[in-house]
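Visitor: Questions regarding the structure given below will be posed in turn.
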Amino acid sequence: MLVAADIARAVAESIPRAATSLRPDVRAAIVQALAAEPSSRGREVLGQILENAAIAERDGVPLCQDTGTVWVWVELGADERPGDDLAALVDRAVRDAYAEHGLRMSVVRDALFDRTNTGDNTPAFLDVTLRPGSGATVHVMLKGGGSDNASALVMLDPSAGSEGVRRFVLETVSVRATGACPPLVIGVGVGGTFDTVGKLAKRALLRSVGSPAQSPDAAAFEAATLEAVNALGIGPAGLGGITTALAVHLETAPCHIAALPVAVNLGCSAMRTVTVEVG
Amino acid sequence: MSEPVRVTLPEEAARLRSLPAGTLVLLSGVVYTARDATHGRLEAELRRDGALPYGLAGQTLFYAGPTPPAAGRPAGAIGPTTAKRMDAWTPTLLAAGIVATIGKGERSEAVRDACVAHGAVYIAATGGVAALLATTVTSAEVVAYPELGTEALVKLALEDFPGWVAIDAAGNDLYADARSEWARTEGSV
Numbered sequence: 000m001l002v003a004a005d006i007a008r009a010v011a012e013s014i015p016r017a018a019t020s021l022r023p024d025v026r027a028a029i030v031q032a033l034a035a036e037p038s039s040r041g042r043e044v045l046g047q048i049l050e051n052a053a054i055a056e057r058d059g060v061p062l063c064q065d066t067g068t069v070w071v072w073v074e075l076g077a078d079e080r081p082g083d084d085l086a087a088l089v090d091r092a093v094r095d096a097y098a099e100h101g102l103r104m105s106v107v108r109d110a111l112f113d114r115t116n117t118g119d120n121t122p123a124f125l126d127v128t129l130r131p132g133s134g135a136t137v138h139v140m141l142k143g144g145g146s147d148n149a150s151a152l153v154m155l156d157p158s159a160g161s162e163g164v165r166r167f168v169l170e171t172v173s174v175r176a177t178g179a180c181p182p183l184v185i186g187v188g189v190g191g192t193f194d195t196v197g198k199l200a201k202r203a204l205l206r207s208v209g210s211p212a213q214s215p216d217a218a219a220f221e222a223a224t225l226e227a228v229n230a231l232g233i234g235p236a237g238l239g240g241i242t243t244a245l246a247v248h249l250e251t252a253p254c255h256i257a258a259l260p261v262a263v264n265l266g267c268s269a270m271r272t273v274t275v276e277v278g
Numbered sequence: 000m001s002e003p004v005r006v007t008l009p010e011e012a013a014r015l016r017s018l019p020a021g022t023l024v025l026l027s028g029v030v031y032t033a034r035d036a037t038h039g040r041l042e043a044e045l046r047r048d049g050a051l052p053y054g055l056a057g058q059t060l061f062y063a064g065p066t067p068p069a070a071g072r073p074a075g076a077i078g079p080t081t082a083k084r085m086d087a088w089t090p091t092l093l094a095a096g097i098v099a100t101i102g103k104g105e106r107s108e109a110v111r112d113a114c115v116a117h118g119a120v121y122i123a124a125t126g127g128v129a130a131l132l133a134t135t136v137t138s139a140e141v142v143a144y145p146e147l148g149t150e151a152l153v154k155l156a157l158e159d160f161p162g163w164v165a166i167d168a169a170g171n172d173l174y175a176d177a178r179s180e181w182a183r184t185e186g187s188v
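Sequence order for the protein chains is A and B. If you count the first sequence from 1, position 19 lands on 18 in numbering that gives the first Met the number 0, and the numbers rise without skipping. If you count the second sequence from 1, position 130 lands on 129 in numbering that gives the first Met the number 0, and the numbers rise without skipping.
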């Protein structure tokens, strides 16, 4: 049986790993994009991204100065009784990891009335869901402000359909991409409710780049949308080229008969996530 | 890719002003970090005193909040934040004597107009490559607002920091030009 401290330890160990190493799937996609990119500025930027990853790995320094807010998603086996105050333990893990590894403190006390830096990068943003069985899967994402700011949510009419969803993705990328550090991974959530569709989009970023959705309909949507995004010409760092995104990841869910909720969560070229199994 | 142009700040600001949008530059010399909270403070001091504080007239602002020192360098990681968040303050600061800004992403028409009016330049640097950019920082010294943490006003010395002229002193915009050059669809979405 696992205890809450095991989950907190997994978070503490994941943070420096996520901050300093480029995801292998993202690196592979960048290498592939570099070979295909005809824009000289675009190639220069893609080269910088690979060189940056090598320096970060070698020197144990962050890939990006924005070491993010910490988003933790625990998929907890329903047989487990972790006990203790999980949120408090996760916050302590974040506080210790950010101080120990020289990461940036990027959280303010209150969005509107007190924008004083909390000084320790807490609170973390914790989400716990139950699944059958034992053990837990712990996902940790250090989410940069630039790419999260460039995300968007809309409640469409069902008549908008796939084309309406695609148009919203393209509008979002078109207006906001240059601040989100392209090439992007585009997480798209469709369905659920107003509050859950954003989670779908964020969780879509966890899937390995280069692995299409399981459903043929979703995989076809992803491929067609990726092609349309890359036709925008925004390119690496927004300086022109054919590599605006490395992948589009779509997650869909049931919803109300009247609804078509859509969320787009952009992942940057230094997208930092780690997933570990506990127990 | 044509050869990059080396520019030392603040001495060669006039040279920077003469370069067209799209030019790859390697910046050396002095720049000052300033993010959102820093801009609020600078504007308040400017309003109070009628002049830029801390000898910032003639200098360059780098929209960045670094991580602490690491690997023997003054910052473990440092890179540009999204420039458009600073757009509300930029025309006022350019009018008061800031000669260049460094950030990432597109900017407002008001900032483009202010670049033309004051002969100022906006440099785009690559986001998400902060370990690489940190190797070009040779020193860092907190000048003001240490209580803001990563948002303090910090004087940096750079050596061959890479960027592109993104808005030149004639108002040409690299982001817009690059996009129309590479777009494969007609019109907007």
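For every residue, glycine included, the Cβ atom is placed at its ideal position computed from N, Cα and C.
#1: Counting only beta-carbon separations shorter than 8 Å, does residue 15 of chain B have a partner in chain A?
#2: Do you know offhand how far residue 17 of chain B's Cα is from residue 93 of chain B's?
#3: Between residue 174 of chain B and chain A, is the shortest Cβ-Cβ distance under 8 Å, so that the two count as touching?
#4: Closer than 7 Å by C-beta to residue 56 of chain A: which residues in its own chain qualify, once you throw out the five before and the five after it? Chain order, please.
#5: Report the three-state DSSP secondary structure of residue 55 of chain B (helix, strand or coil).
#6: DSSP beta-bridge partners for residue 140 of chain A?
#7: On the DSSP bridge list, what partners appear for residue 101 of chain B?
#8: Would you list the residues sitting across from residue 185 of chain A in a DSSP beta bridge?
#9: Residue 38 of chain A and residue 239 of chain A - do their beta-carbons sit closer together than 8 Å?
#10: Measuring only the C-alpha atoms, how far is residue 63 of chain A from residue 124 of chain B?
#11: Out of curiosity, what's the CA-to-CA distance linking residue 153 of chain B and residue 145 of chain B?
#12: Assuming residue 174 of chain A and residue 187 of chain A make a contact with CB atoms under 8 Å, what is their CB distance in whole Å?
#13: Select from the stretch 64-78 of chain B all residues with a C-beta closer than 7 Å to any C-beta belonging to chain A, and list them in chain order.
#14: Using the rule of at least 16 other Cβ atoms within 10 Å of the residue's Cβ for burial, across every protein chain shown, is residue 156 of chain A buried or exposed?
#15: Assign residue 255 of chain A to buried or exposed, taking buried as 16 or more other Cβ atoms, counted over all protein chains shown, within 10 Å of its Cβ.
#16: Does residue 190 of chain A come out as helix, strand or coil in the three-state DSSP assignment?
#17: Along the stretch 140-154 of chain B, where does the CB come closer than 8 Å to a CB of chain A? Name the residues.
#18: Which chain B residues sit within Cβ distance under 7 Å of residue 99 of chain A?
Guide: In short, the structure shows the following:
#1: Cβ-Cβ to chain A under 8 Å: no for residue 15 of chain B.
#2: Residue 93 of chain B has its alpha-carbon roughly 17 Å from the corresponding atom of residue 17 of chain B.
#3: Closer than 8 Å to some Cβ of chain A, the Cβ of residue 174 of chain B qualifies, so yes.
#4: Excluding sequence positions up to five before and after residue 56 of chain A, its CB lies within less than 7 Å of the CB of 19, 20, all in the same chain and listed in chain order.
#5: Residue 55 of chain B: coil per DSSP, three-state reduction.
#6: Beta-bridge annotation (DSSP): residue 140 of chain A is paired with A:70, A:272.
#7: Paired residues: B:61, B:122.
#8: Note: residue 185 of chain A sits in a beta bridge opposite A:247, A:265.
#9: For residue 239 of chain A and residue 38 of chain A, yes; Cβs fall inside 8 Å.
#10: Cα-Cα distance, rounded: 13 Å.
#11: When the Cα atoms are used, residue 153 of chain B and residue 145 of chain B turn out to be separated by approximately 9 Å.
#12: No, residue 174 of chain A and residue 187 of chain A are not in contact; Cβ-Cβ is about 16 Å, not under 8 Å.
#13: Among the residues of the stretch 64-78 of chain B, those with a Cβ less than 7 Å away from any Cβ of chain A are 64, 65, 66, 67, 69, 70, 75, 76, 77, 78, in the order of the chain.
#14: So residue 156 of chain A ends up on the exposed side.
#15: Label assigned to residue 255 of chain A: exposed.
#16: If DSSP states are grouped into helix, strand and coil, residue 190 of chain A belongs with the strands.
#17: For the stretch 140-154 of chain B, residues whose beta-carbon sits nearer than 8 Å to a beta-carbon of chain A comprise 147, 148, 149, 150.
#18: Within 7 Å Cβ-Cβ: nothing; residue 99 of chain A doesn't reach chain B, min ~11 Å.
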